[in-house]
Amino acid sequence: MDMINTDDPPNDLRVLAMRPLIAGNWKMNTLRADASALAAGLVEQRAAIDPGCDILICPPFVSIRSVGEIVLGSPIKLGAQDCHVEVSGAHTGDVSAEMLVDAGCNFVIVGHSERRTNHGEGDKLVGEKAKAAFIQSLSAIICVGESLDERNEGKTLAVVEEQVSKSVPAEATAENTIVAYEPVWAIGTGLTPTIEQISEVHDNIRSLLNSRFKDGEEFRLLYGGSMNPGNAGEILAIKNVNGGLVGGASLKVEDFWSICTSV
Ligand code: 13P
Numbered sequence: 002m003d004m005i006n007t008d009d010p011p012n013d014l015r016v017l018a019m020r021p022l023i024a025g026n027w028k029m030n031t032l033r034a035d036a037s038a039l040a041a042g043l044v045e046q047r048a049a050i051d052p053g054c055d056i057l058i059c060p061p062f063v064s065i066r067s068v069g070e071i072v073l074g075s076p077i078k079l080g081a082q083d084c085h086v087e088v089s090g091a092h093t094g095d096v097s098a099e100m101l102v103d104a105g106c107n108f109v110i111v112g113h114s115e116r117r118t119n120h121g122e123g124d125k126l127v128g129e130k131a132k133a134a135f136i137q138s139l140s141a142i143i144c145v146g147e148s149l150d151e152r153n154e155g156k157t158l159a160v161v162e163e164q165v166s167k168s169v170p171a172e173a174t175a176e177n178t179i180v181a182y183e184p185v186w187a188i189g190t191g192l193t194p195t196i197e198q199i200s201e202v203h204d205n206i207r208s209l210l211n212s213r214f215k216d217g218e219e220f221r222l223l224y225g226g227s228m229n230p231g232n233a234g235e236i237l238a239i240k241n242v243n244g245g246l247v248g249g250a251s252l253k254v255e256d257f258w259s260i261c262t263s264v
């Protein structure tokens, strides 16, 4: 029988070994006590069962330290919701990637549509934020997704292609980068694309990554937008969906845990 060299497994085996990621983006929710209770509830669930996926929570900046103390020593990973491109300096209200590492984070979300819309962040800046994250050995979750008008005008694939091309830097690898497809119109609305629509976009993102990166097949691609315990199983079963980026349903232990166990 042929021996498998575990240092350098063939591509298909590495893909099979890809562990899905379920990430909770708490957005601007939870006071410190709620954040601690939520984190403690998840740590307790995870101590009892391994649902077969990696679990990440991204609290508001001010709760990162306290949540970090609760998840310390558990397999639950800690991330932030944004970072600045610079390491330090006169940037009132901003937080650098280095500060996030110092606070205990391993991940950072960049280019979320709420940052793109509310703070005018474009693809170039998002790519620079991802690079700032890589320099600090943080993994970047780079978000892309079309608006409802863009979908109705048949521009979804073109929009997502442009965002991926410009927001995912040349330095990206499957280790340091996760791409999240979040259709803007599905975020917080209770609307979700059909399985075919999600599949089409994820297949497209995979092809784009394959054309640019030799490990393109191994990047984790997350779906986000009104994911909940009722639809998670079906969405997470789609080829090229390697996890979820969950907003509202990540704020309740039972709902988020139920999504984790649907993997
Ligand atoms: P909802 O799950 O609340 O739709 O939010 C999705 C999202 O924006 C995660 O980043």
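Convert by adding 1 to the 1-based position in the sequence shown; the result is the number in my numbering. Just so you know, even glycine gets a beta-carbon here, dropped at the ideal spot from N, CA and C.
| Asked | Found |
| --- | --- |
| Exposure of Ile270, with buried meaning 16 or more beta-carbon neighbours within 10 Å | Lying before the first or after the last residue shown, residue 270 is absent from the chain, which here runs from 2 to 264. |
| Of the residues His120, Leu222, Asp216 and Gly189, the one placed nearest Asp204, counting alpha carbons only | Leu222 |
| Distance between Ala104 and Ile110 (C-alpha atoms, nearest Å) | 15 angstroms |
| Which listed residue (Cys84, Ala233, Glu45 and Glu87) has its alpha carbon closest to that of Pro76 | Glu45 |
| Spatial distance of Arg20 from His120 (CA atoms) | 33 angstroms |
| C-beta atoms of Ala171 and Ala133 nearer than 8 angstroms | no |
| Lys167 versus Leu73, Val72 and Glu129, residue with shortest Cα-Cα distance | Glu129 |
| Cβ neighbour criterion (16 or more within 10 Å) applied to Val127 | buried |
| Ala85 Cβ short of 7 angstroms to ligand 1 heavy atom set | It is worth fixing the name first, because residue 85 is His in this sequence and not Ala. His85 Cβ: outside cutoff for every heavy atom of ligand 1. |
| Within 8 angstroms, strictly: CB atoms of Gly249 and Ala233 | no |
| DSSP three-state assignment for Ile239, whether helix, strand or coil | coil |
| Contact test: Ser227 Cβ vs ligand 1 heavy atom, cutoff 7 angstroms | yes |
| Where Thr93 falls: helix, strand or coil (DSSP) | coil |
| Beta-carbon separation (whole angstroms), Val247 vs Asn26, contact threshold 8 angstroms | 7 angstroms |
| Per-residue burial, Arg213 [other beta carbons within 10 Å of its own, 16 or more giving buried] | exposed |
| Presumed contact (8 angstroms Cβ cut-off) between Leu57 and Lys78, rounded CB distance | 4 angstroms |
| Whole-Å CB distance - Pro230 paired with Ile260, under 8 angstroms assumed | 6 angstroms |
| Span of the alpha helix (DSSP H), counted from its first residue to its last, around Val86 | Where Val86 is concerned, there is no enclosing alpha helix (DSSP H), given that its DSSP letter is neither H nor E. |
| Secondary structure of Lys167, DSSP reduced to three states | helix |
| Under 8 angstroms between C-beta atoms of Gly80 and Ala40 | no |
| Rounded straight-line distance, which links the Cα of Arg47 to that of Val68 | 15 angstroms |
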